[in-house]
Amino acid sequence: MAKPLKDVIRDDPKKIFGLNTADANISKAYLSTAFITLLIGGILGLLQGLQRAGLMELPAFLNYYQVLTAHGILLILIFTAAFTIGYLYAGFSHTIGGLLPKVRKMAWTGFGLILVGVVLVVATILFNEASVLYTFYPPMAASPVFYIGLVFVVLGIWSNCFGVFINYNHWRKNHKGQVTPLFAFFTMGVFVLWFFGSLGVTYEVLTLIPWSLGWKETVNVMVSRTLFWSFGHTLVNIWYIVATSAWYVAIPKIIGGRLFSDKLARVVVILLVILNIPGGFHHQIIDPGITESIKFLHVFMSVSIAFPSLMTAFAMFAVMERAGRKHGGKGLFGWLKKLPWGDVRFLAPMIAMIAFIPGGAGGLINTSNQINQVIHNTLWVVGHFHITVGVSVVLTFFGICYFLIPFISKRKLTPQMNKLGIIQTIVWTVGMLLMAGSQHMVGLLGDPRRTSYTTYGDHETALSWIPYEYVMGIGATLLLLGIIIQVYAVFNMMFFAPKGETEFPIGESEDDALPTPLWTERWSLWIILMLMVVAMAYVVPIVDFVVNGSPGSPPIKTW
Amino acid sequence: MHRLEEIWLALSGGILIIFMVIVGYQGFALGMNPPSNMETIDPQKVDEIEPFDEPGVYKRGENEYEVIMTLQTFSFNPGDIEIPAGAEVTFTMTSKDVTHGFQVAGTNINAMVMPGRIQKITHTFDEPGNYLVLCNEYCGAGHQLMSTEITVK
Numbered sequence: 001m002a003k004p005l006k007d008v009i010r011d012d013p014k015k016i017f018g019l020n021t022a023d024a025n026i027s028k029a030y031l032s033t034a035f036i037t038l039l040i041g042g043i044l045g046l047l048q049g050l051q052r053a054g055l056m057e058l059p060a061f062l063n064y065y066q067v068l069t070a071h072g073i074l075l076i077l078i079f080t081a082a083f084t085i086g087y088l089y090a091g092f093s094h095t096i097g098g099l100l101p102k103v104r105k106m107a108w109t110g111f112g113l114i115l116v117g118v119v120l121v122v123a124t125i126l127f128n129e130a131s132v133l134y135t136f137y138p139p140m141a142a143s144p145v146f147y148i149g150l151v152f153v154v155l156g157i158w159s160n161c162f163g164v165f166i167n168y169n170h171w172r173k174n175h176k177g178q179v180t181p182l183f184a185f186f187t188m189g190v191f192v193l194w195f196f197g198s199l200g201v202t203y204e205v206l207t208l209i210p211w212s213l214g215w216k217e218t219v220n221v222m223v224s225r226t227l228f229w230s231f232g233h234t235l236v237n238i239w240y241i242v243a244t245s246a247w248y249v250a251i252p253k254i255i256g257g258r259l260f261s262d263k264l265a266r267v268v269v270i271l272l273v274i275l276n277i278p279g280g281f282h283h284q285i286i287d288p289g290i291t292e293s294i295k296f297l298h299v300f301m302s303v304s305i306a307f308p309s310l311m312t313a314f315a316m317f318a319v320m321e322r323a324g325r326k327h328g329g330k331g332l333f334g335w336l337k338k339l340p341w342g343d344v345r346f347l348a349p350m351i352a353m354i355a356f357i358p359g360g361a362g363g364l365i366n367t368s369n370q371i372n373q374v375i376h377n378t379l380w381v382v383g384h385f386h387i388t389v390g391v392s393v394v395l396t397f398f399g400i401c402y403f404l405i406p407f408i409s410k411r412k413l414t415p416q417m418n419k420l421g422i423i424q425t426i427v428w429t430v431g432m433l434l435m436a437g438s439q440h441m442v443g444l445l446g447d448p449r450r451t452s453y454t455t456y457g458d459h460e461t462a463l464s465w466i467p468y469e470y471v472m473g474i475g476a477t478l479l480l481l482g483i484i485i486q487v488y489a490v491f492n493m494m495f496f497a498p499k500g501e502t503e504f505p506i507g508e509s510e511d512d513a514l515p516t517p518l519w520t521e522r523w524s525l526w527i528i529l530m531l532m533v534v535a536m537a538y539v540v541p542i543v544d545f546v547v548n549g550s551p552g553s554p555p556i557k558t559w
Numbered sequence: 001m002h003r004l005e006e007i008w009l010a011l012s013g014g015i016l017i018i019f020m021v022i023v024g025y026q027g028f029a030l031g032m033n034p035p036s037n038m039e040t041i042d043p044q045k046v047d048e049i050e051p052f053d054e055p056g057v058y059k060r061g062e063n064e065y066e067v068i069m070t071l072q073t074f075s076f077n078p079g080d081i082e083i084p085a086g087a088e089v090t091f092t093m094t095s096k097d098v099t100h101g102f103q104v105a106g107t108n109i110n111a112m113v114m115p116g117r118i119q120k121i122t123h124t125f126d127e128p129g130n131y132l133v134l135c136n137e138y139c140g141a142g143h144q145l146m147s148t149e150i151t152v153k
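Now the structure itself:
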């Protein structure tokens, strides 16, 4: 698919080195927002970890549940969204030769909407009007301003979604008979899933606004919860596609190898888009009001997401083995030694991929009927998402920064910065191992999640959890240190590193690779299939909640 | 597709299918499905509706008990339950306000209790001891205080 590198440099040097300033500014704005959010969210995370272990007391004006709500929303929603847009828009612009002016405007509009949304949401949390956590399950009711803020955030994300759709179609019209660059394909997958995955929760929030204002008396609790999770878990898989885009596209180039199979990567994206939305249902395995057979269908639908992940595992190890052998690695595992372990752009995503092995296995546990009952709503779940999101996704994001940020700011990645990145990666990995490891273990013993420090009246079972909570606190401390290093590195590379050129690594196919078939580009078909899968999963239970449901619940404030 | 990749995917698919067969067998042949009771109730009138107008522990047969329980911020009613060892206990529960979780640490008892829904979960306590019951779904400012005990003699 790609022209030889030197031809590309001759024809259009910008395509390799640096981004046009207008597009780079969009990415800089989003990435700055992402890392300021990360710093605030990380400080809140440490406060939580120390409070939970009983090592410090929070003041009344900023209690544990306020901190938990803000930590969840800032990191789960804002940090990841801002990073994803900043990164994907840069790579998208880079691989398709620049954004259209109107798409740039849409990205800036989105940026403004997200900022307004964040301010409204954070303000209501600070005034203690919205201690409802990231899931905001009704009938617990926050101030209407909180829900209105969420609507602004969603509109901001949609503005970026439509920008990508427009630019993608524009490229396709002007390149008849060609497949889009792989990175652009990943970008399209992410924004398609983001748009369709957020429709359910948007409907939920739009029903909660009149309800919290008192214009509507009651709300159907089961419907709200189900619509929330149709988005709540899809979001996790959106980040996961973002992370895998770097695994598939950038890693082969960084380690001096080639893409394993361009077609396989696209099939993985298509499968993740089609299969993902019903995956959220496993959060409701021990809920009342859903029949056993529907729950079993959902176990099947959630487990099927493992299949594209296993394809990814094969492809990544194949890429690494081939590259290692090309550089002289011998024997069964000799190729491992030939990989660039000292390059943070490889080390961070590599640890992220390794973490996905226990992370994925834990995911299968969470999604299956009986075992879920053992760990549901315990700290195990918190450990699971800190190992998957906190390592597999976020450590990949960190690794991406070391080429992305010098690339957009036309600066160099210095050896010193690379070394700092390696230290950061190690601090982060150890911090997560301690924190997520102890959370997994104490969760198996029954320690609940989303609960401030308590010994339940010095019950001996609860007292036996305390040592694990101390380890969590130590892990949280290391993690904040890791965040401080990372935020320093990001802003240093954005504004102060020496001027120069850094490459955005885009892997090339093997010389004998077969051309990628054009049918992979049929997005209308993938969207129809996705909607069919969503209908299969949700029509029966939601109709049942509405038709056979109980009278709804009025808004209740319990904090 | 690559030959080794085909083998890998066939093995992966096979493992996932075996996994599903085990989950399905445990659920439908051994009756180990998660709590999924389908009855509904008006969440604003729980106190007036049977059986929740009289929460308590009831003996339902030889070695069989039923606990009729309401959950509300931030307590379980009834609390401090006593049960003889080896008895099969069914907890029939509903919430009077927000969503709560019902978990007995050290057992597989774990269920969501939602307003508007009646939830049931059955367990046999073989080991005597003092079990910690707690709410594991955030329910407000006093969530961390919401607990009680089951004493098995």
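Note that the protein sequences, when read in sequence, are chains A and B.
The opening position of the first sequence corresponds to residue 1 in the working numbering, with each subsequent residue numbered one higher.
The opening position of the second sequence corresponds to residue 1 in the working numbering, with each subsequent residue numbered one higher.
Beta carbons are placed, not taken as given, at the ideal position from N, Cα and C, and that holds for glycine.
Nothing here was measured: the structure is a model prediction, and the numbers come from that model.
The residue from B/I118, B/D42 and B/Q72 with its alpha-carbon nearest to that of B/T90 is B/I118. With respect to the 7 Å criterion, A/V299 and B/V23 are classified as neighbours on the basis of their beta carbons. Close to A/S553, with beta-carbon spacing below 7 Å, are these residues of chain B in chain order: P43, P115 and G116.
Annotation: Cβ neighbours of B/D97 in chain A (cutoff 9 Å, chain order): P139, M140, S553, I556 and T558.
For the region 279-299 of chain A, the set of residues with a beta-carbon nearer than 9 Å to any beta-carbon of chain B comprises Q284, I285, I286, D287, P288, G289, I290, T291, E292, S293, I294, K295, F296 and V299, in chain order. Comparing alpha carbon positions, the residue from A/T388, A/E510 and A/F83 closest to A/K253 is A/E510. Secondary structure in the region 351-399 of chain A: no beta strand (DSSP E) run of 3 residues or longer lies completely within the stretch. Bounds of the beta strand (DSSP E) holding B/I121 are Q119 to T124. Look at A/L50 here: in three-state DSSP terms it is helix.
When C-alpha distances from A/F35 are compared across A/L62, A/F397, A/A462 and A/D512, the shortest belongs to A/F397. With fewer than 16 other Cβ atoms from the protein chains shown falling within 10 Å of its own Cβ, A/N169 counts as exposed. Neighbourhood of B/Y25 in chain A, by CB distance below 7 Å: empty, with the nearest CB roughly 11 Å away.
As the crow flies, the alpha-carbon of A/H440 is around 36 Å from that of A/N160.
At a cut-off of 7 Å between C-beta atoms, A/L271 does not count as an interface residue with respect to chain B. With fewer than three CB-CB distances shorter than 8 Å, the region 352-364 of chain A does not count as touching the region 267-277 of chain A. In this chain, the alpha helix (DSSP H) harbouring A/Q424 covers P415 to L444. The Cβ of B/T151 sits no closer than 7 Å to any Cβ of chain A.
Around the beta-carbon of B/P128, fewer than 16 other beta-carbon atoms lie within 10 Å, marking it exposed.
A straight line joining the alpha-carbon of A/L113 with that of A/A107 spans about 10 Å.
In the three-state reduction of the DSSP assignment, B/A10 falls in the helix class, which pools H, G and I. A/N369 has a beta carbon lying within less than 7 Å of a beta carbon in chain B. Taking 7 Å as the CB threshold, A/P448 lines the interface with chain B. Secondary structure at B/H100: strand, using DSSP grouped into helix, strand and coil. With 16 or more neighbouring CB atoms inside 10 Å of its own CB, B/H100 falls in the buried class.
Rounded to the nearest whole angstrom, the CA to CA distance from B/C135 to A/L531 is 36 Å.
Counting every other CB atom within 10 Å of its CB across the protein chains shown gives A/Q416 a total below 16, marking it as exposed. Taking C-beta atoms as the reference points, A/G86 and A/L31 count as a pair closer than 7 Å.
Close to chain B, meaning a Cβ-Cβ distance shorter than 9 Å, is no residue of the region 407-430 of chain A at all. The continuous beta strand (DSSP E) containing B/A111 extends over residues N110 to V113. Annotation: A/V547 to A/L115 spans about 39 Å, alpha carbon to alpha carbon. By the criterion of a C-beta distance shorter than 6 Å, A/R266 is surrounded in its chain by F185 and T520, once the five residues flanking it on both sides are discounted. The C-alpha of A/L19 is placed about 51 Å away from the C-alpha of A/Q370. At a cut-off of 7 Å between C-beta atoms, B/Y65 does not count as an interface residue with respect to chain A. By the C-beta density criterion, B/K59 is exposed, having fewer than 16 other C-beta atoms within 10 angstroms. Here DSSP, grouped into helix, strand and coil, assigns A/E521 to helix. Inclusion of B/T73 and B/V46 in the CB contact set at 7 Å is not warranted, their separation being larger than that value.
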